[in-house]
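Reading through the structure tokens given below for one structure.
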């Protein structure tokens, strides 16, 4: 028998309509419940096992849902819960409906020809299923379906079985599936049907009890809410009835008027059949080119009107850049007034009782990274948070001015305004940006935007909420890398959807506005930055241990170092001064025909920040921006003078052109640069006509070294010279010997001159000698002196000192007059000695082992300094130290790494989906009450047998005389030597008394371990002793020490104590 024949036979045996009766009722077959179970098995063990949709396709062709399942569900009255037969029939129907309405997805497992052939037919079938369930004429199918779970929901969660949890999940899955099918086109009917069927009340009840009475249903409720609200504008939901009645007509009239204006403009330049009867004009240009124009306007108006006529008839046919629409999740959906009333009442009730419990549980699951929360659920989570916060903000705005007096509204979303919730939003945004999951990043930006807006509204409320808002803003702006994420999102925009572009630009606009306002109210504002330390190599670390004397607890691997610095809004705003950010806003302004006045003002505000506040005019001088402004000003239809934003646009364009003319006159090279993006090195030259003067910064000196104590002067010179020779610093040593020789010659001449003057003059003078100043021939020599710590140490030992004068960028290297030529000659001799004959040290040590870093005390006021006070350039020249500190930038993932990440996510997602699909069916749903009675009767007989065995064992034990001071091990051996390997040892208490022996025994009866007997002969503290020395699996300790006998439980196992 073929598969199709088997399915048709089951459907036929299930039942059918009785056409002999007048009302043609549906008559169930003799074994209808068994037929429903067989159909469920076919779906479960054929379609899902082989990743096929064959059974679903056959059932769709037989009109199974509307012809059989709906009539069977109508047969049961939900108020009659005593009718178990019809209840079980309804439950079986719900199980089949969940499978038939489950979302259809093409993946790598079912990607075959048959699946692609079945897909359009099954989608049409699911649309008909939804229509039948929502609008069945003979009864309310949806209410009957959810009534199946009422008895399970009435049971408390602690007493609820796995079967009851499965029934609840089954009903919620059915609601989710119905909401997902054709969610955009049937949203209005779905909301009305859910309202009439009490499904919205069920959602509020389950969400409100989340965490107490419900746990695992949070994700399903989140999906239902997402598919009910996606695309609905909160502004339109909370408008008054008067505005609701007139707004659609106003929009329609505006659209019709715009259409008429466009037709008139097209007719002016479009050729008609009357052109052949009009004027034909031949126009000759200055370069002797001839054009033919068929229009009387070429004669009646100016001479250039003929060419303008030709240009007006041209059409721009260049292919536009491809804009993705996959991540645009907020497509507008329109519903009727009846549905608006229902859904707005649902929002108010949900915010009042269910928002905080539901999203707190989901947030906890995200923090734990639970498998039940998928990638799509993260999108649902962010979207719903932003939506309900937006709805609350709109609801507050339409209230009276005394709406803030009660102080209750903002507490409705308090769970998502906590710091842990904000951290999770940042985390999801960061991960989606790194992995280029633009859909998740889109909803993350929308959620973050709504959080900022509601914080802004809190600043205008009561004083208590103002303090809370100030604290929240401080937490948001404190992490600099979170602010940089917003900059990167705007900077790396490419071809995402228009909704993504709109949200991104609006978030930047709101963030800059609020951050500027907040920074202006604070005298000092600090942010925390993350800096990464470099990883040390093993060879470098071994040398560093000798130099710096690191202990074993020092961290070797690279780590992120947190540092606070002062925040300046001007510097943060400067991060947006680049061609990429300007390109994003220019792309957004390209849609000026569809933009609202507020959106156009948003772009002009950003351009004003770049052009005026940051004075980065050259970045804005681009040909594409000029062309866009020219197109907007000349578009009298789509950007007419009635547009409220046109005045500001015209003002900005006039100021823009005046500055352009002024700058281009100073720097004619800007004419060429209009075609290209500006390079950072040429911006200053293009704006001012000359190169930017270089601001010389003070030279950052290297770290200071010193020789370890216990060495004389000559040994110190030998160590430092040896260390420099080990690093091949021969050029530095030769330069030092040359300078010392020059200094000795000059110093000798000065000393001889001083002696002669003293002989000729009566009063000797002691201030004849002057310091010897070192003159650097090249910058390389200067760097060698101040950027190598060991060479600085050698210079200091030889008599050189560093003098820091006012406004000196580089310290002055001098030999003071106190040092005579004799000392300098001695120092030069030592340097030459150990240069020609490098020193050799004992025990295989090298010169670097006798050097160490010379640390300076760090003052407290330098902790938060923006500049580093320590330079590690000398480490580059040393073999013993690390290779230096290189600046690390966060690297974006390439395509191959993205594929690896996505593949891992896909495997995890597939495991989660498989676990969800297994929950579509209820465990042991085929067992009836008769089988349960037989099972419990057998368990009762087994329990009584165990009690009898325990009683006989207790009697045997009591007949023996047991010494209380007898050791536990000896007692077990005396009672039952065969079971000595399974005994449990216990330790004596810490009291002064001798060890109290505890009667214990374990009997092996066919792998059945039985609990102990009476505790009547034990001391009063036996309960405390037993708790200290036993760990029992699934054991409830006795609370009353006077209990005469502990109930014996079968299949009870002891485990050894920790001491064993």
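Numbering (my numbering), first residue to last: 4 to 1063. For each residue, glycine too, the CB sits at the ideal point set by N, CA and C.
query: When the distance is taken between beta carbons, is residue 648 closer than 7 angstroms to residue 613?
result: Working through the chain shown from its first residue, we reach residue 613 at position 610. Working through the chain shown from its first residue, we reach residue 648 at position 645. Taking 7 angstroms as the Cβ cut-off, residue 613 and residue 648 do not qualify as a contacting pair.
Mapping the DSSP letters down to three states, classify residue 660 as helix, strand or coil. Working through the chain shown from its first residue, we reach residue 660 at position 657. In this structure, residue 660 counts as helix in the three-state DSSP scheme.
Requested in this report: Within 10 angstroms of the Cβ of residue 13, are there 16 or more other Cβ atoms? Answer buried if so, exposed if not.
Outcome: Start at 1 with the first residue of the chain shown, and residue 13 comes out as number 10. Looking at its Cβ environment, which holds 16 or more other Cβ atoms inside 10 Å, residue 13 is buried.
4-residue-minimum alpha helix (DSSP H) runs that sit fully inside the segment 596-653, ordered along the chain
Correct list: 600-611, 620-623 and 626-636.
**Asked** Going by Cα to Cα distance, which pick from 93, 55, 142 and 85 is closest to residue 120?
**Response** Within the chain shown, numbered from 1, the residue matching residue 120 stands at position 117. Closest by alpha carbon: 55.
> Do the CB positions of residue 128 and residue 196 come within less than 7 angstroms of each other?
Replying inline: Position 125 of the chain shown, counting from 1, holds the residue named residue 128. Position 193 of the chain shown, counting from 1, holds the residue named residue 196. No, the pair does not count as a contact, with Cβ atoms beyond the cut-off.
Query raised in the report: Skipping 5 residues on each side, what residues in its chain have a beta carbon closer than 6 angstroms to that of residue 160?
Result: Here residue 160 refers to the residue found at position 157 of the chain shown. Sequence-distant partners of residue 160 (beyond 5 residues in either direction) whose C-beta falls short of 6 angstroms from its own C-beta, in its chain, are 216.
inquiry  = Suppose the cutoff is 8 angstroms on Cβ atoms and the five residues either side in sequence are ignored; what does the same chain contact list for residue 754 look like?
reply    = Position 751 of the chain shown, counted from the first residue, corresponds to residue 754. If the five residues before and after residue 754 are omitted, its C-beta is found closer than 8 angstroms to the C-beta atoms of 772, 823 and 824, all from its own chain and listed in chain order.
query: Where does residue 878 land, buried or exposed, given buried means 16+ other C-beta within 10 angstroms?
result: Reading the chain shown from its first residue, position 875 is the one you call residue 878. Residue placement at residue 878 is flagged as unreliable, the pLDDT there being 38, under the threshold of 50; the coordinate-derived value follows with that caveat. Result: buried.
### Message
One question on the structure: do residue 735 and residue 787 come within less than 7 angstroms of each other, judged by their Cβ atoms?
### Response
What you label residue 735 is simply residue 732 of the chain shown in a count that begins at 1. What you label residue 787 is simply residue 784 of the chain shown in a count that begins at 1. A contact, by the Cβ cut-off of 7 angstroms.
Check the C-beta distance from residue 687 over to residue 695 and give it rounded, since I have them as a contact under 8 angstroms. Locating residue 687 in the chain shown gives position 684, counting from the first residue. Locating residue 695 in the chain shown gives position 692, counting from the first residue. Indeed, because the Cβ distance is near 4 angstroms, the residues count as touching under 8 angstroms.
- Item | Bounding residues of the beta strand (DSSP E) (the contiguous stretch that carries residue 804) | Taking the first residue of the chain shown as 1, we reach residue 804 at position 801. Note, residue 804: beta strand (DSSP E), 804-806.
inquiry  = In the DSSP output, what is residue 530 paired with across the bridge?
reply    = As a position in the chain shown, residue 530 is number 527, starting the count at 1. Beta-bridge pairing links residue 530 to 568.
* Closest to residue 583 by CA distance: which of 632, 667 and 495 is it? -> If you number the chain shown from 1, residue 583 lands on position 580. Looking at the Cα atoms, 495 is the closest of the given residues.
Practice item. Please list the segments of the beta strand (DSSP E) lying wholly inside the segment 7-43, counting only runs of 3 or more residues, in order along the chain. Key: List check, beta strand (DSSP E) in window: 18-20 and 29-31.
Measuring only the C-alpha atoms, how far is residue 227 from residue 92?
The residue you call residue 227 lines up with position 224 of the chain shown. The residue you call residue 92 lines up with position 89 of the chain shown. So the alpha carbons of these two residues sit roughly 26 angstroms apart.
For residue 293, name the three-state secondary structure that DSSP assigns. For the purposes of this step, residue 293 is identified with residue 290 of the chain shown, where counting begins at 1. Strand at residue 293.
- On the three-state DSSP scale, how would you describe residue 213? Locating residue 213 in the chain shown gives position 210, counting from the first residue. Correct three-state label for residue 213: strand.
inquiry  = Short of 8 angstroms in beta carbon distance, which residues of its chain neighbour residue 751, apart from the five on each side in sequence? Order them along the chain.
reply    = As a working note, residue 751 is residue 748 in the chain shown. Once the five neighbours on either side are set aside, the close Cβ partners of residue 751 are 824.
Check your understanding: What are the start and end residues of the alpha helix (DSSP H) that includes residue 135?
Key -> Here residue 135 refers to the residue found at position 132 of the chain shown. From DSSP, the alpha helix (DSSP H) with residue 135 extends over 116-137.
Counted within 10 angstroms of its Cβ, other Cβ atoms place residue 940 as buried (16 or more) or exposed
Counting from one through the chain shown, the residue named residue 940 turns up at place 937. It counts as exposed.
Open item on the list: Less than 7 angstroms between the beta carbons of residue 203 and residue 97, yes or no?
Closed with: By 1-based counting over the chain shown, the position of residue 203 is 200. By 1-based counting over the chain shown, the position of residue 97 is 94. The answer is no: Cβ separation not under 7 angstroms.
Exercise. Please state if the CB of residue 587 and the CB of residue 493 are separated by a distance shorter than 7 angstroms.
Key: Here residue 493 is taken as the residue at index 490 of the chain shown, counted from 1. Here residue 587 is taken as the residue at index 584 of the chain shown, counted from 1. Yes, the pair counts as a contact, with Cβ atoms nearer than the cut-off.
Item checked: Residue span of the alpha helix (DSSP H) that contains residue 173, given as start and end -> Position 170 of the chain shown, counted from the first residue, corresponds to residue 173. 165-183 is the span of the alpha helix (DSSP H), which, as asked, contains residue 173.
So residue 590 is in the alpha helix (DSSP H); what residue range does that whole segment cover? Position 587 of the chain shown holds residue 590. 582-592 is the extent of the alpha helix (DSSP H) around residue 590.
Checklist entry - Does the beta-carbon of residue 333 have 16 or more other beta-carbons within 10 angstroms, so that it is buried, or is it exposed? => result Indexing the chain shown from 1 puts residue 333 at position 330. Around the beta carbon of residue 333, 16 or more other beta carbons lie within 10 angstroms, which makes this residue buried.
Any idea if residue 211 is buried or exposed, counting beta-carbon neighbours within 10 angstroms, 16 or more meaning buried?
Numbered from 1 along the chain shown, position 208 holds the residue referred to as residue 211. By the neighbour-count rule (16 or more Cβ atoms within 10 Å), residue 211 is buried.
* Asked: Looking at the structure shown, is residue 825 part of a helix, part of a strand, or coil, going by DSSP?
  -> On the chain shown, residue 825 is found 822 positions in, with the first residue counted as 1. DSSP places residue 825 within a helical segment (H, G or I) once states are collapsed to three.
request  = On a CA-only basis, which of 683, 76 and 598 is nearest residue 620? Give me that one, please.
outcome  = Against the chain shown, residue 620 aligns to sequence position 617. Checked all of 683, 76 and 598; the closest Cα to residue 620 is 683.
**Item:** Sequence-distant residues of the same chain with beta carbon closer than 6 angstroms to residue 349, five excluded per side
**Value:** Position 346 of the chain shown, counted from the start, is the residue given in the question as residue 349. Correct list, in chain order: 203.
If you draw a straight line from the C-alpha of residue 249 to the C-alpha of residue 255, how long is it?
Walking along the chain shown from the start, residue 249 turns up at place 246. Walking along the chain shown from the start, residue 255 turns up at place 252. With a pLDDT of 46 at residue 249, under the threshold of 50, the modelled position of that residue is not reliable, and the figure given next carries that caveat. Distance between the alpha carbons of residue 249 and residue 255 is about 10 angstroms.
Notebook entry, point to check: Can you give the Cα-Cα distance for residue 626 and residue 437, rounded to whole angstroms?
Noted result: Translated into the one-based positions of the chain shown, residue 626 becomes position 623. Translated into the one-based positions of the chain shown, residue 437 becomes position 434. Cα-Cα distance, rounded: 33 angstroms.
- Query: By Cβ distance below 8 angstroms, which residues in the same chain neighbour residue 1069 in space, the five residues on each side in sequence not counted?
  - Reply: Outside the modelled stretch of the chain, which goes from 4 to 1063, sits residue 1069, for which no answer is possible.
For this session: Below 7 angstroms CB to CB, which residues in the same chain sit around residue 835 once its five sequence neighbours on both sides are set aside?
Result: Numbered from its first residue, the chain shown carries residue 835 at position 832. Within the same chain, residue 835 has close Cβ partners 740.
Would you tell me roughly how many angstroms separate the C-alpha atoms of residue 150 and residue 520, rounded to the nearest one? Locating residue 150 in the chain shown gives position 147, where the first residue counts as 1. Locating residue 520 in the chain shown gives position 517, where the first residue counts as 1. Roughly 54 angstroms separates the two Cα atoms.
Given a cut-off of 7 angstroms on the beta-carbon distance, is the pair residue 360 and residue 214 in contact? Numbered from 1 along the chain shown, position 357 holds the residue referred to as residue 360. Numbered from 1 along the chain shown, position 211 holds the residue referred to as residue 214. Yes, they are a contact pair.
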